[in-house]
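If you count the sequence shown from 1, position 221 lands on 221 in the numbering used here, and the numbers rise without skipping. Positions of the beta carbon are idealized from the N, C-alpha and C atoms, including for glycine.
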Amino acid sequence: MLVIGLMSGTSYDAVDAAAAELRLLDGTLLLKPLGMVSTPYDEELREALAGALPPAAVPLARVCLLDTRIGQAFAAAAVRANRELCGGRAELLASHGQTVYHWVADGRVHGTLQLGQPAWIAEATGLPVVADFRPRDVAAGGQGAPLVSLVDLLWLRGRPGTPVALNIGGIANLTAPDGTAFDTGPGCALLDAAVREFTGGQLAYDVDGALAARGRPFGPLLDRLLEEPYYALPAPKTTGKELFHAEYWRAVERLPAEDALATLTLLTAQTVVDAVRGLDATEVIASGGGTRNPVLMAMLRTRLREIPVRVSDELGLPAAAKEAYAFAVLGFLTAHGLAGTVPTATGARHPSILGSLTPGRNGLRLPPPAPGPPVRLRIE
Ligand SMILES: Nc1ncnc2c1ncn2[C@@H]1O[C@H](COP(=O)(O)OP(=O)(O)O)[C@@H](O)[C@H]1O
Ligand SMILES: [Mg+2]
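In structure tokens form, the structure reads like this:
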């Protein structure tokens, strides 16, 4: 089945669309990557989104506008991916949408909201769409995240030692082979927010870590930031921009830009390192846009010393595209009546078949249910 996974993470930089040919063969899920196209949000939509994220209070008219515009942006990305990667032969779309709110209280997730009305995607492509992956896991008592954990587990199964998958997007998250998965805290979110403030919006992120490379982490501030209680909470736990939002800017604004960026980069690195060490990892397989920041990667490698940090490309999944591929897999699983979650990872009472389905132009014809769930994922 030819599936396109559509993803925009908490960095809300672009809609990533990855196409994959997926087949289930005797317990092995075979994934042939066909490529990824990344379509940046236009600046107007990006600004509308930025203004709506926590801690902003937002009128429903704005929510409706965002749901529509994001749905249209995802639809355009889907049309493009189908044309450029699939020769127009895609069969199913799996859309994560854009997280705008992750409602966490007392360590539990009570709700999670992804915008990007799937009707626009179905209308533009004529294809069925699986969307709204997270809420079903929340309804089953889970965190609704990290949803890539099942894909990580299937993908890394059989590797020697204790390989830990790490994705550094706006927020960073880990999956360990025993089924533990959680958000470690900030990935690039605080860096991006600070860079935008320091450059008056000229830069969206610290390109190649250039600013942080020229600065020095300010120890006392780092120590204070590390006191955030989230880091000490046990897994399963997830977080978002409700906790790690642009207001962190207040903590660093008095520092020279370079030192502020160096401090925040080290905050991300140190919280990831502490989490990795807590899992007795023997290697880290990293993905996400944060792997493109050489200062962050150097900080991780220095502090993880004997634990090698590999980038997911080495194992066949390009770092920038891994999450979009993961959602293609989750859409495929739903279409085949298979669960997309691991209860130990999300904290749910049971595994769930994820998502809501929007029919395509020719209605909704699903493949026959799979005889059983995959036990491993192989990249072809
Ligand atoms: N060349 C680069 N140098 C430094 N950081 C980068 C670079 N390329 C991407 N990034 C970081 O990666 C982020 C996007 O990563 P991504 O995996 O798309 O996150 P998300 O899933 O949250 O959208 C950017 O906002 C930026 O912080
Ligand atoms: Mg992104």
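*asked:* According to DSSP, is LEU366 part of a helix, a strand, or is it coil?
replied: Along the sequence shown, read from residue 1 onward, the residue named residue 366 stands at position 366. Here LEU366 sits in coil by DSSP.
*Alpha carbon to alpha carbon, how far is LEU317 from ARG250?*
Indexing the sequence shown from 1 puts residue 317 at position 317. Indexing the sequence shown from 1 puts residue 250 at position 250. One C-alpha to the other measures close to 37 Å.
_GLY161 Cβ short of 7 Å to ligand 2 heavy atom set_ = Here the question's residue 161 lines up with position 161 in the sequence shown. Outside the cutoff, so no.
*Please report how far the alpha carbon of MET7 lies from the alpha carbon of TYR41, in whole angstroms.*
On the sequence shown, position 7 is the one that residue 7 refers to. On the sequence shown, position 41 is the one that residue 41 refers to. Computed Cα separation, rounded: 12 Å.
*Would you check whether ligand 2 has a heavy atom nearer than 7 Å to the C-beta of ASP208?*
Stepping through the sequence shown from its first residue, residue 208 is reached at position 208. False, no ligand heavy atom lies under 7 Å from that Cβ.
_Taking 8 Å as the cut-off, does the stretch 361 to 371 touch the stretch 176 to 190 (at least 3 CB pairs, one atom from each stretch)?_
no
*Under the criterion of a Cβ to heavy atom distance below 7 Å, does ASP16 qualify as lining ligand 2?*
As a working note, residue 16 is residue 16 in the sequence shown. It does: the Cβ of ASP16 is within 7 Å (strictly closer) of some heavy atom of ligand 2.
_Going by C-alpha to C-alpha distance, which of LEU203, ASP132 and ILE4 sits closest to ALA76?_
As a working mapping, residue 76 is identified with position 76 in the sequence shown. Per the Cα distances, ILE4.
*Where do the ends of the alpha helix (DSSP H) carrying GLU84 lie?*
Position 84 of the sequence shown, counted from the start, is the residue given in the question as residue 84. From DSSP, the alpha helix (DSSP H) with GLU84 extends over 60 to 86.
_Quick check on PRO163: does DSSP put it in helix, strand or coil?_
Position 163 of the sequence shown, counted from the first residue, corresponds to residue 163. DSSP places PRO163 in strand when its eight states are reduced to three.
_THR358 versus ASP67 - alpha carbon distance_ = As a working mapping, residue 358 is identified with position 358 in the sequence shown. As a working mapping, residue 67 is identified with position 67 in the sequence shown. Taking the straight line joining both Cα atoms gives about 15 Å.
_Exposure of PRO160, with buried meaning 16 or more beta-carbon neighbours within 10 Å_ = For this step, residue 160 is matched to residue 160 along the sequence shown. By the neighbour-count rule (16 or more Cβ atoms within 10 Å), PRO160 is not buried but exposed.
_I want to know whether the stretch 251 to 258 touches the stretch 117 to 125 - three or more CB-CB distances under 8 Å._
no
*Look at the alpha carbon of PRO55 and the alpha carbon of THR271, and state the distance between them as a whole number of angstroms.*
Taking the first residue of the sequence shown as 1, we reach residue 55 at position 55. Taking the first residue of the sequence shown as 1, we reach residue 271 at position 271. Approximately 23 Å, taken between the alpha carbons.
*In three-state terms, what does DSSP make of VAL100?*
The count along the sequence shown starts at 1 and reaches residue 100 at position 100. It is a strand residue.
*asked:* Suppose contacts are defined by Cβ-Cβ distances below 8 Å. Is GLY290 in contact with ALA172 by that definition?
replied: To locate residue 290, count along the sequence shown from 1; it is residue 290. To locate residue 172, count along the sequence shown from 1; it is residue 172. Closer than 8 Å, so yes.
*Name the residue from GLN72, VAL15, LEU2 and TRP103 whose alpha carbon lies nearest to the alpha carbon of GLU242.*
Counting from 1 along the sequence shown, the entry for residue 242 is found at position 242. Answer by Cα proximity: TRP103.
*Where do the N-terminal and C-terminal ends of the beta strand (DSSP E) with ASP183 fall, by residue?*
Here residue 183 refers to the residue found at position 183 when the sequence shown is read from its first residue. Element bounds for ASP183: 181 to 186.
*So which residues touch the region around ligand 2, with touch meaning a C-beta under 5 Å from any heavy atom?*
GLY9, SER11 and ASP13
*Tell me, which residues are paired with GLY35 by DSSP?*
Translated into positions along the sequence shown, residue 35 becomes position 35. Answer is ALA19, bridged to GLY35.
*Sorted by chain position, which residues of the same chain lie with C-beta nearer than 8 Å to VAL342's C-beta, five sequence neighbours on each side aside?*
For this step, residue 342 is matched to residue 342 along the sequence shown. Closer than 8 Å at the Cβ level, and outside the excluded window around VAL342, lie SER149, LEU150, LEU153, GLY179, ALA181 and PRO351.
_Would the stretch 198 to 209 count as touching the stretch 289 to 309 if we require 3 or more Cβ pairs under 8 Å?_
yes
_Here's the rule: buried if 16 or more other CB atoms are within 10 angstroms of the residue's CB, otherwise exposed. What is HIS96?_
Residue numbering aside, residue 96 sits at position 96 when the sequence shown is read from its first letter. Under this definition HIS96 is a buried residue.
*Could you give the uninterrupted runs of the alpha helix (DSSP H) lying entirely in the stretch 292 to 336, keeping only those of 4 residues or more?*
294 to 304 and 322 to 335
*Are the Cβ atoms of GLY111 and LEU233 separated by less than 8 Å?*
Sequence index remark: in the sequence shown, residue 111 carries index 111 (1-based). Sequence index remark: in the sequence shown, residue 233 carries index 233 (1-based). Against a cut-off of 8 Å, the Cβ pair of LEU233 and GLY111 comes out as no contact.
_GLY331 and LEU60 closer than 8 Å at C-beta_ = In the sequence shown, residue 331 corresponds to position 331, counting from 1. In the sequence shown, residue 60 corresponds to position 60, counting from 1. Going by C-beta atoms, GLY331 is not nearer than 8 Å to LEU60.
*Is any heavy atom in ligand 1 found nearer than 7 Å to the beta carbon of LEU191?*
If you number the sequence shown from 1, residue 191 lands on position 191. Correct: LEU191 has its Cβ closer than 7 Å to ligand 1.
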